[in-house]
Structures are given as C-alpha cells and as structure tokens.
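Colleague: Going down the list, the sequences are from chains A and B.
In terms of our numbering, the first sequence opens at residue 95 and continues consecutively.
In terms of our numbering, the second sequence opens at residue 164 and continues consecutively.
Positions of the beta carbon are idealized from the N, C-alpha and C atoms, including for glycine.
What you are looking at is a predicted structure, and each value in this text was computed from that prediction instead of being measured.
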Amino acid sequence: MQAPIPDNMPRSHLVISVLWPSFGTAIIATGLFFSAFHPRDLVPFDLDIDVSPIAAYSIGFFLFWLLGIVSSYGTLYFTISNARFVGNQEN
Amino acid sequence: MQAQKTGDGEQELYAAHQKIYPREVTGYFTRLRMLSVVVLLGIYYLTPLLRWDGRQALLFDLPARKFYIFGLTLWPQDFIYLAALLILAGLSLFFFTALVGRVWCGYACPQTVWTEAYLWMERKIEGKRSKRMKLDKAPNSAAKIRTKALKHTVWIIFSLWTGFTFVGYFTPIDQLAAKLFSASLGPWETFWILFYSFATYGNAGFMREQVCKYMCPYARFQSAMFDSDTLIVAYHPERGEPRGSRRRGTDLQKAGLGDCIDCNVCVQVCPTGIDIRDGLQYECIACSACIDACDEIMDKVSYPRGLIRYTTENSAQGKKQHILRPRVIVYAAILLILCGTLLTNLLLRVPLELDVIRDRNTLYRETREGLIENVYTLKILNMDSKPHQYTLTADGIDGMKLVTDEPEIVVPAGAVQELIVRLQADEFNMESRSVAVNFYLQANEANHLKTVEEARFVGPGKT
C-alpha cells in the first residue's frame, strides 16, 4: 500500500496544510460567533476589563485559529502515524 | 516546484522548488487580462474612498457592529444576508466554471491579480526574463543589491498600501489615515495592517503559483464542474506534432513535422511553469499567456494562429459543442432563484425590530381598580438610517389597556431604546391563566416600518 503522505513531502507543505485550512475556518467561526455575541457580554464575573472591540475580535480570531490548528494537526498526526502503522504491518 | 517524471512512469510528487521566471507576453488575451487586473485593483483601492450619505460607502464597521453597503445598513441580526451573498458568490463560481472554465483563476483571482502587479514591478526594476535569471545567478555585487533593494522597497510600500486599504474596509479609512499620520494607530490596527501587508508581500512576491498549486481548494475541485463543453486552453497535438525545429520554408510533409516549432516560448511565459503541450493539467490557471505567445510565433513563421487556443474537449475532437446543457441550466436556475430570493428579502426587509421581555420578578399584580397588570421591557431597535417616532399598541384581551410613562417613543437612527410598559386587563375577560397578546409598533411617518411581537399575559387563573 502506498503511504498517503510521501516521505519527501517538504515540511513547509505540512505546516501549511495545518495552518491554512484552520485559518479559513477561524475566519468563518469568528464571523458566526461575534454575530451572535457582543464582546461586552463575554466578560466573566462582571470584571472591569476594558477591551476594545477590535482587540476582542482579534483575540477571538486567534483562539479559533488555535483551535483549528489543534484539529488540523490532529488529523495530520493520525494520518501519518496510521499510515506508518499500516505500512509496518504489511512489511 | 515542478512535477517530474521518473523512470517507472510514476510521478514524483515533490521535487525541489524551482523559481519560475514568466516571460513577458503581448497579445489580445494579455491585454484583456491586464485590463481586468487594473480594473480590479482600482476597485479594491478606491472603494473605501467612496462616500455615501456623509459616511464611507462600503464599511464593515466592526467596532460598531454595523455593515454599511451603500444605502443598506446590516446589523448582526442580518447575518443571513451576508451568508446568502457568500453562497451566491460560490454558486456564481460554479456557474462560470462550467461555462468558461477557469476564467476566475486567470483573470480575477486576487492571487493572480496581485501576482501580476508584483511581476510588473519586478519587470520594471529587474528587466526581462533573461535579465532577471542572470541577475539571480550573478554573485552579489553592489549593483545587484541595489536593484534587489529597490524592488523589495517598492513591493513593501505597495504591500503596506494594500494592508492599509484592507483595514480601511473595517474601520473608517479617513480616521485611519489621520491616525496613521499622527502616529497614533491602535496596536491591533497596526497589527492587521502589517499582517495583511506581509501576506500580500509573501503571496504575490514569493509564493505566487505555489498558492494555486498547493493551497487553493478550488484548483483541486474545479474538475468536478468541468465537462466536455467547458472552455479550456489547449494545444492542438494533431496539428502540432511531431514537433521540432526547422529551417524557414521547410516542406513539413517531407520533413514529417507538425506545426509546433518547439521554441518553448509557451513554457517560458507560463506563470505556473507547465508545458501546455502535455495536455490539460490542474496547475493550468487558464491565463492564456501561452495562446498569445504561440500566436505571435505562428505569425512570425507564417503558420496559421491557434495552435494553442481556447477550445472545448468536444470541439477539439470535432464533435458538436453545446453551450446550454443540463449542468449550466441547473447552476443558472439555482443562481437565479437564490438571487431573486435575496433581492426580494432585502427589498422587503423592515429595518425595525421589537423584543419583548416579561418582567421576571412578578408574574402579575393587581391594580387599585382591580385590574390584572403585567410589566414588560420592550427593546426597540431602529435599524434605519433615520430617526423615527413610533406608536405602540397592543391587543389580545378585550378592554386591555397599555400604560407607559414615556409620552412619545422616539428612537435615533441605528439605536436601541428600552421601554417599560404595563398591560392592564380585567380578569373577567381572560380566557385562561395565560393569554397570548400582541404588541404592534408602527413608525408614524413611514407606513412600511411596522412590526408585531407576541408575548404572554399572565393572571391568577379562573377559579
């Protein structure tokens, strides 16, 4: 069986394959999330935090991006490790 | 990065990336493409400068949570319109792909448009293809560093302008400019300007065709929208092969040659570095640079034009060509229905919203006159661009009275107003313990500005 990830695939492509889809997802998620919730309503325990909306949106975006990166990296990790596992069994 | 054939016929997927130096082209399609690039860049850089009703015409005002699209103001509640607009854009892409192939890639995709712009700057500074290749191979010298530094400076300035304009779509661009010149930009504004500038600089200056080949999802799935009647850029192998160089005036039949003189110009002009003569490839962005380049060569050697041309699989095989076919008709029908629905909804959209919240502390109370009273908090959202005065009424129970302390309800443009109202009704007229009542809100001078909201009126219940 041919491994789904060629060994000579450049590292930069692997990095982009994690960063790029999660970037797109983060844009959509940020849009959906902040259409439903106002950043002002998200401050917990009535804390007196003064965060500008742009800062809140930006931080939200990066949190979503991080979440997407975790997910994309998980997929990549399992794909590679499964491919190696299957490869080892066949050898 | 180029796909290279290995001995066993299997494709080696990853070979070291080779920088592509697209050769300059002239011709009909190139002019069309340049026109498209200039118009689209013009739209991008000038749109934020347009004014409408004393404000920026197109502004996705994130801090204020309002999207201004010329005469239209969208609120977070109107999110569905933006979603529909995005779906429309996606469907149009399907439709045009089925009809004319990857015309989006070659003429309108931001990646292509900015790459062309950066390539143009590169050519102006570093010179023609051969000069650029020579410059890159040459050892570092003062002249080389000067040329490279100039190119990157121009690129970076253009990138910064691009990033600034991008942020200008989300925060008023005149204020942004004022802040920029007084050096008082906020940290996040600065960050996003730099982020977008860096992305532009990287994508258009360095990544270029690699974005199309490795990052673009559309390039991977566009084949699903293709059929034998889709417009493609194709080489005519029956006419061109066997290819080979020849002297002027050689008898082709005697020499056993086709029309392709194997000059490789079609490969040199290709921005993705492929050879169109190998057939249809997913890397081809249908920019038609090879068509113009080949036509020019054909003119020079006095062969008929069109060895590489826009065609369809069917017409290339001499079959009948269909423009209207089920796929195109279905895409067009869905597109029209969606467009119609969106437009109707936008036209019928009432820029007024009423939220009714029942007082949570007391279910009901009795007034001195013995009437049952319920208290409500009303939130009136005037999404119009003008202030309005409203009349509030309610019904649902015979003889029900609406009492409020406010003499008149006036809500400024784009504002939310809270209003405490009390409904009073005779218990005798209530059919059950909890009765549905309706609040009607009507703008005084605008008939179409009205809305209705249901609420519950609670009493002690029949005994």
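Take B/Val-263 as the anchor and find which of B/Arg-292, B/Ile-308, B/Phe-389 and B/Val-202 has the nearest alpha-carbon.
Modeller: Closest option to B/Val-263, Cα to Cα, is B/Phe-389.
Colleague: Less than 8 Å separating the beta-carbons of A/Val-109 and A/Ser-166?
Modeller: No, the pair does not count as a contact, with Cβ atoms beyond the cut-off.
Colleague: Determine the chain A residues that contact B/Met-546 at a beta-carbon separation under 8 Å, and present them in chain order.
Modeller: The contacting residues do not exist; B/Met-546 stays about 14 Å from chain A at best.
Colleague: Does DSSP put B/Leu-565 in a helix, in a strand, or in coil?
Modeller: Residue state, collapsed to three classes: strand.
Colleague: Under a CB-based cut-off of 8 Å, is B/Leu-256 close to chain A?
Modeller: Judged by the 8 Å Cβ criterion, B/Leu-256 is not in contact with chain A.
Colleague: Under three-state DSSP, which class holds B/Lys-376?
Modeller: Correct three-state label for B/Lys-376: helix.
Colleague: Using C-beta distances below 8 Å, list every residue in its chain close to A/Ser-152, excluding the 5 sequence neighbours before and after it, in chain order.
Modeller: Cβ neighbours of A/Ser-152 beyond the five flanking positions: none.
Colleague: Could you tell me whether the Cβ of B/Leu-225 comes closer than 8 Å to any Cβ of chain A?
Modeller: Chain A contact via Cβ: present.
Colleague: I'd like the span of the beta strand (DSSP E) that includes B/His-551, first residue to last.
Modeller: Here the beta strand (DSSP E) through B/His-551 covers 551-558.
Colleague: For a quick check, are the C-beta atoms of B/Ala-449 and B/Ile-500 less than 8 Å apart?
Modeller: No; because the gap between Cβ atoms is not below 8 Å, this pair is not in contact.
Colleague: Classify B/Gln-219: buried if its beta carbon has 16 or more other beta carbons within 10 angstroms, exposed otherwise.
Modeller: So B/Gln-219 counts as buried.
Colleague: Does chain A have any CB closer than 8 Å to the CB of B/Pro-273?
Modeller: Not an interface residue.
Colleague: Taking the straight line between their C-alpha atoms, what separation do you get for B/Gly-624 and B/Glu-536?
Modeller: Answer to the nearest angstrom: the Cα atoms are 13 Å apart.
Colleague: I want to see whether chain B comes within less than 8 Å of A/Ser-146, judged by CB atoms only; does it?
Modeller: By this cut-off, A/Ser-146 is an interface position.
Colleague: Can you tell me which residues form a DSSP beta bridge with B/Glu-529?
Modeller: DSSP, once it has assigned bridges, lists B/Ile-535 as partnering B/Glu-529.
Colleague: For chain A, find out if any of its Cβ atoms is closer than 8 Å to the Cβ of B/Met-378; answer yes or no.
Modeller: B/Met-378 counts as touching chain A.
Colleague: What is the DSSP secondary structure of A/Phe-131, reduced to helix, strand or coil?
Modeller: It is coil, neither helix nor strand.
Colleague: Beta carbon of B/Ser-597, beta carbon of B/Arg-619: below 8 Å?
Modeller: Yes, Cβ-Cβ distance for B/Ser-597 and B/Arg-619 is below 8 Å.
Colleague: Let me check understanding here. Comparing Cα to Cα, which of B/Cys-379, B/Gly-326, B/Pro-380 and B/Val-374 lies closest to B/Phe-354?
Modeller: Selected option, being the one with the closest Cα: B/Gly-326.
Colleague: With contact counted as at least three CB pairs below 8 Å, one residue from each stretch, are the region 405-417 of chain B and the region 276-286 of chain B in contact?
Modeller: At 8 Å Cβ cutoff, the stretches do not touch.
Colleague: Going along chain A, which residues have a C-beta under 9 Å from B/Gly-349?
Modeller: The contacting residues are Ser-146, Ile-148 and Ala-149.
Colleague: Taking the C-alpha atoms as reference points, what is the distance between B/Leu-221 and B/Glu-516?
Modeller: Cα-Cα distance, rounded: 23 Å.
Colleague: Is there contact here, the region 530-547 of chain B with the region 583-591 of chain B, by at least three beta-carbon pairs under 8 Å?
Modeller: Cβ pair count under 8 Å is three or more, so yes.
Colleague: Is any beta-carbon of chain A found at less than 8 Å from that of B/Glu-352?
Modeller: So, interface residue.
Colleague: Compute the distance between the beta-carbons of B/Phe-257 and B/Tyr-445, then report whether it is under 8 Å.
Modeller: No.
Colleague: In whole angstroms, what separates the C-alpha of B/Asn-508 from that of A/Leu-126?
Modeller: B/Asn-508 and A/Leu-126: Cα-Cα distance of roughly 21 Å.
Colleague: In whole angstroms, what is the alpha-carbon distance linking B/Lys-314 and B/Leu-510?
Modeller: Distance between the alpha carbons of B/Lys-314 and B/Leu-510: 49 Å.
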